[in-house]
Every structure is written in structure tokens, then in C-alpha cells.
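Position 355 (the sequence shown) corresponds to 385 in the working numbering; numbering is contiguous.
Backbone N, C-alpha and C define an ideal beta-carbon position, used for all residues, glycine too.
A short worksheet on the structure shown next.
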Amino acid sequence: MFLPKIHIRQLRCLPKQLFLRQFCKCASQVPPEVLEELEQGFEDMKECDSKSLLKKHLTKERFDKLKDKTTPTYNSTLLDCIRSGLKNPDSGVGIYAPDPEAYSTFSDIFDPIIEDYHGGFKKTSVHPPTCFGFGSDFPNLDPDNLYIVSTRVRCGRSIKDFPFNPCLSKCDYNVLDSIITDALLNLSGEYSGTYFPLCGMEKDKQQELIDSHLLFKEGDRFLKDAKATRYWPTGRGIYINDNRNFLVWVNEEDHVRIISMEKGGNLGAVYERLILGENQLSKQLEFSRDKRLGYLTFCPTNLGTSLRASVHMRLPSLADDKAKLDKMAAKYNLQVRGTRGEHTDAEDGVYDISNKRRMGLTEYEAIQEMYKGIRALIDHECQEAAKACKK
Ligand code: ARG
Numbered sequence: 031m032f033l034p035k036i037h038i039r040q041l042r043c044l045p046k047q048l049f050l051r052q053f054c055k056c057a058s059q060v061p062p063e064v065l066e067e068l069e070q071g072f073e074d075m076k077e078c079d080s081k082s083l084l085k086k087h088l089t090k091e092r093f094d095k096l097k098d099k100t101t102p103t104y105n106s107t108l109l110d111c112i113r114s115g116l117k118n119p120d121s122g123v124g125i126y127a128p129d130p131e132a133y134s135t136f137s138d139i140f141d142p143i144i145e146d147y148h149g150g151f152k153k154t155s156v157h158p159p160t161c162f163g164f165g166s167d168f169p170n171l172d173p174d175n176l177y178i179v180s181t182r183v184r185c186g187r188s189i190k191d192f193p194f195n196p197c198l199s200k201c202d203y204n205v206l207d208s209i210i211t212d213a214l215l216n217l218s219g220e221y222s223g224t225y226f227p228l229c230g231m232e233k234d235k236q237q238e239l240i241d242s243h244l245l246f247k248e249g250d251r252f253l254k255d256a257k258a259t260r261y262w263p264t265g266r267g268i269y270i271n272d273n274r275n276f277l278v279w280v281n282e283e284d285h286v287r288i289i290s291m292e293k294g295g296n297l298g299a300v301y302e303r304l305i306l307g308e309n310q311l312s313k314q315l316e317f318s319r320d321k322r323l324g325y326l327t328f329c330p331t332n333l334g335t336s337l338r339a340s341v342h343m344r345l346p347s348l349a350d351d352k353a354k355l356d357k358m359a360a361k362y363n364l365q366v367r368g369t370r371g372e373h374t375d376a377e378d379g380v381y382d383i384s385n386k387r388r389m390g391l392t393e394y395e396a397i398q399e400m401y402k403g404i405r406a407l408i409d410h411e412c413q414e415a416a417k418a419c420k421k
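Right, dumping it as C-alpha cells:
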């Protein structure tokens with residue numbers, strides 16, 4: 031008899047329906063009400079004024095080809111991928127993968143979006159093997175502390191054999207939480223710290239951590255509409271090392287987000303801490319990696335290296351010339367966000383600027399790209415400041 035491979039951890043939490051499906055391998059059908067919601071959502075999207083990559087790439091042909099498909103193991107539909115984008119026309123991207131198989135079942139829409147977002151990662155491209163290189167190659171970007179408030183590098187990881195948020199049961203969240211926290215509590219040296227589960231966390235403590243840019247915010251409508259916030263706050267939490275410069279988010283957008291951050295512009299030190307922390311964790315946790323796509327994450331913008339290196343910085347001159355800022359960001363493949371992250375505004379002229387591409391290049395190249403871009407922004411600011419002095 032053919033028995034599909036199911037990890038024992040998953041079996042413990044497998045909902046009945048999924049369990050039957052795994053063993054019956056019966057052909058799944060998209061329920062009529064899902065099809066109806068898809069058709070209506072697609073019509074509405076055509077009418078609305080959205081700049082999302084979803085709207086740009088989901089042609090009628092692609093839509094018709096994909097609307098009846100489901101992923102083999104978790105039965106996810108096209109609606110599970112695009113619900114957030116349909117409900118939020120202000121999405122920049124508008125699509126998530128409910129489970130790892132969605133990237134292949136719905137490749138006709140994921141591939142063009144991935145290619146567009148990651149600057150040319152084609153459907154025939156293969157993501158390179160991990161190569162972090164050395165943090166010491168990146169000197170302090172702003173030794174005089176004139177522009178950069180803080181520097182942060184993060185990567186996302188998924189635990190092998192588990193699907194992504196929309197397919198996780200309440201029990202899965204608890205199992206993931208315990209697998210991940212077991213590993214975290216084994217971290218040593220500068221990585222040793224404390225795990226704070228969101229369940230039972232005082233509101234004041236939560237707000238203090240959010241305001242210090244340590245903890246993720248709650249109630250992200252893009253994630254909520256992707257069904258990524260179910261059973262909240264079950265299984266969610268944050269690990270913080272004693273120096274408060276190495277953090278791990280558990281079960282927010284991805285199973286694991288590994289974060290290194292500190293005040294100022296010492297990118298090399300921040301990156302080095304991330305590399306060694308990721309290394310310690312990867313010895314204890316098995317992360318999902320795809321031969322073509324690299325590290326697997328819930329959002330296609332994070333595939334590949336899943337690496338996002340950012341600074342919080344003041345741009346006194348470029349803040350007054352948004353067109354120039356956008357032009358420079360495009361030239362250096364940078365992404366500009368507000369102070370509290372994406373979908374927020376800049377507060378007191380402080381922007382969050384990072385590498386945009388995470389796929390089709392190594393970790394080292396992604397950091398290099400960000401380094402060069404931030405250097406160019408600082409050089410521009412210095413020149414403008416010098417011109418202003420001469421006047
Ligand atoms: N779905 C949101 C959008 O399309 C977020 C995309 C990228 N950000 C992320 N946190 N995955 O705007």
C-alpha cells in the first residue's frame with residue numbers, strides 16, 4: 031500500500047479531513063462557494079485601482095487555468111493564495127503561499143510575480159546555495175552617527191514538514207512553538223536570553239516591545255485576510271537575548287524570523303551576529319529549503335535568501351524630494367518603508383530602507399547590494415549638505 035510520508039510531529043495534529051485526504055489521495059475539488067468568491071474577487075480587482083503585482087500578473091487566462099486547482103497535500107486553492115490581495119487593493123504584492131506546494135501548483139501566477147519582485151528571477155532560474163560570507167567585509171556605514179539611527183538584518187525560516195499559517199491547526203502552532211523554543215533555550219554565549227510567549231503577555235510589555243521595534247505589530251490586515259493570524263496569540267512569541275540585539279520571532283508571518291539589530295550603522299557587526307545565530311539554530315532545527323526557490327517562506331517576497339538588511343535613517347534632503355528618493359531606490363534595488371515598517375509613514379523624517387531583492391543572489395550579495403545603496407544615499411545627503419553650506 032502507498033503511504034504518503036508524514037512526519038510524526040504532523041500526524042499528532044493532523045485534522046481528520048486532512049488525515050483522510052492523505053491516505054485516500056482522492057481528487058480534490060474546489061467547492062462552488064470558493065469558485066464563486068474567486069470569480070467575484072477577480073471581477074472586482076479588474077475594476078479597482080490597484081498597483082499590486084497580483085493585479086498586474088493575474089490575467090484572465092492564468093486565472094482560468096488556476097481557479098480549479100488545489101495543492102496535493104493541503105488542498106489549498108487559488109483563493110487561499112490571493113484572498114489577501116483581493117481584499118486589500120493597496121497590497122504591493124497581494125499573494126501568499128498557504129503551503130509549500132502552492133509555489134508549484136500555482137506557479138503560473140507565482141513565477142511572474144517572483145520574477146517581477148526579485149528583479150529577474152525567471153521560472154528557469156535556480157537560487158544559489160547559501161553563502162553568507164563575512165560581516166567584517168562591511169565597515170560602519172555611518173561612523174559619525176549623522177544619518178543612521180539603527181541597523182537590522184533578518185532572515186525568515188520555515189520548519190520542515192509543516193505548512194504555512196493558513197494550514198496550521200491550533201495544535202500545530204503549539205507544536206511548532208515548543209520545537210522552536212526548545213532550540214532557542216539551548217542558545218549560548220551572547221545568544222542566551224529569554225522567551226516571551228504572546229499568550230499572557232501584559233499589554234504594557236507588548237507595547238514597550240513594539241515601540242522599541244523589537245516585537246511585531248498586531249492585527250496586520252494583509253496577514254489577517256490571508257488567514258495567517260488564526261488562533262492568535264497561540265504559539266506566537268519573541269525570544270530576546272540578554273543584550274537585546276538578537277531576537278527570534280516565533281509564528282508571526284513565518285515560523286521563524288531571526289533578527290539581529292543595534293543602534294548606529296555597524297552593518298558588519300549586525301550581520302555577523304545574524305550569521306552565527308542562524309548557524310546555531312540551524313544545527314538544531316531543520317529548515318525547509320527548495321532546490322529552485324531557496325528557503326521557503328509564506329510570502330514570495332521573502333524566498334531565496336529571505337534576507338532583509340535595513341537601516342532606520344534620516345534623509346533630510348531626499349525626504350523633501352520624494353521623486354529623487356524613489357529614483358535612487360530603484361537604481362540601487364532598495365525598498366523604502368515608513369518608520370514602523372511596511373504600510374506605515376515616515377515619522378520625524380526617519381525611513382526604513384533595505385535591500386529589495388532576496389532571490390537569485392547569495393546572502394553576501396544581498397548585503398552588498400544594500401551596503402552600496404545606503405552608501406550612495408549617504409553620499410548624496412553629504413553633497414546636498416555641502417551645497418547648502420556654501421549658499
Ligand atoms: N501582502 C502584503 C502586500 O502585498 C505584504 C507583502 C510583503 N511583505 C511581507 N511582510 N511579506 O503589500
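For residue i, count neighbouring C-beta atoms within 10 Å of its own C-beta (all shown protein chains included) and say buried if the count is 16 or more, exposed if not.
i, result
"A353", "exposed"
"P61", "exposed"
"C161", "exposed"
"F136", "buried"
"C412", "exposed"
"E302", "buried"
"R266", "buried"
"C229", "exposed"
"K21", "Residue coverage of the chain in this structure runs from 31 to 421, which leaves residue 21 outside it and unanswerable."
"H37", "With a pLDDT of only 48 at H37, under 50, the local geometry of the prediction cannot be trusted, and the value read off the model is given with reservation. Exposed."
"L116", "buried"
"F164", "exposed"
"K438", "One cannot answer for residue 438 here, as it falls past the ends of the chain, which runs 31 to 421."
"D141", "buried"
"L84", "buried"
"Q70", "exposed"
"C111", "buried"
"G149", "exposed"
"S114", "buried"
"L68", "buried"
"L215", "exposed"
"D425", "In the structure as shown, the chain starts at 31 and stops at 421, and residue 425 therefore has no counterpart that could be examined."
Can you tell me where the beta strand (DSSP E) holding residue i begins and where it ends?
i, result
"G115", "First-last for G115: L108 to K117, but that is the alpha helix (DSSP H), not the beta strand (DSSP E)."
What is the residue span of the alpha helix (DSSP H) that residue i lies within?
i, result
"F72", "P62 to E77"
"F317", "Where F317 is concerned, there is no enclosing alpha helix (DSSP H), given that its DSSP letter is neither H nor E."
"Q236", "K233 to D241"
"D255", "R251 to D255"
Here's a check: name, in chain order, each residue in its chain whose Cβ is nearer than 6 Å to the Cβ of residue i, leaving out the five neighbours to either side.
i, result
"L198", "none"
"V183", "S290, V300, Y301, L304 and A339"
"C419", "none"
"D172", "I178 and G295"
"L166", "For the record, residue 166 in the displayed sequence is Ser; it is not Leu. Correct list, in chain order: G298."
"M231", "none"
"R287", "R184, G186 and W279"
"K257", "P196"
Per DSSP, what are the beta-bridge partners of residue i in this structure?
i, result
"H342", "S180 and D382"
"Y269", "Y225 and V278"
"S290", "V183 and F276"
"Y203", "BP columns for Y203 are empty, so no partner."
"Q365", "S384"
"Y325", "R319 and G334"
"G371", "G368"
"I189", "F317"
Can you give me the Cβ contacts of residue i inside the same chain, cut-off strictly under 8 Å, excluding the 5 residues immediately before and after it?
i, result
"V380", "V179, H342, M343, R344 and T369"
"R322", "S155, V156 and H157"
"P130", "S188, P193, F194, S318, D320 and L326"
"T100", "S58, Q59, V60, S106, T107 and T135"
Excluding the five sequence neighbours on either side, which residues of its own chain have a C-beta within less than 7 Å of the C-beta of residue i, listed in chain order?
i, result
"N327", "Contrary to the premise, residue 327 reads as Thr rather than Asn in this sequence. Excluding positions up to five away in sequence, the list reads G186, S188, D284, L333 and S336."
"P263", "L228 and C229"
"N296", "N170 and T181"
"Y261", "K200 and Y203"
"E414", "S347"
"L311", "A213 and I288"
"G324", "H157, L333, G334, T335 and M389"
Is any beta-carbon of chain D found at less than 8 Å from that of residue i?
i, result
"S199", "Absent here is chain D; the protein component of the structure consists of one chain."
Confirm the yes/no value for this check: CB of residue i, any heavy atom of ligand 2, distance under 7 Å.
i, result
"V123", "By its list of ligands, the structure shown excludes ligand 2, since it contains just ligand 1."
**Message:** Ignoring anything shorter than 4 residues, give me the alpha helix (DSSP H) runs that lie fully in the region 378 to 403, in order along the chain.
**Reply:** none
**Message:** As an exercise, report each continuous beta strand (DSSP E) stretch of at least 3 residues that is fully enclosed by the region 87 to 168, in chain order.
**Reply:** none
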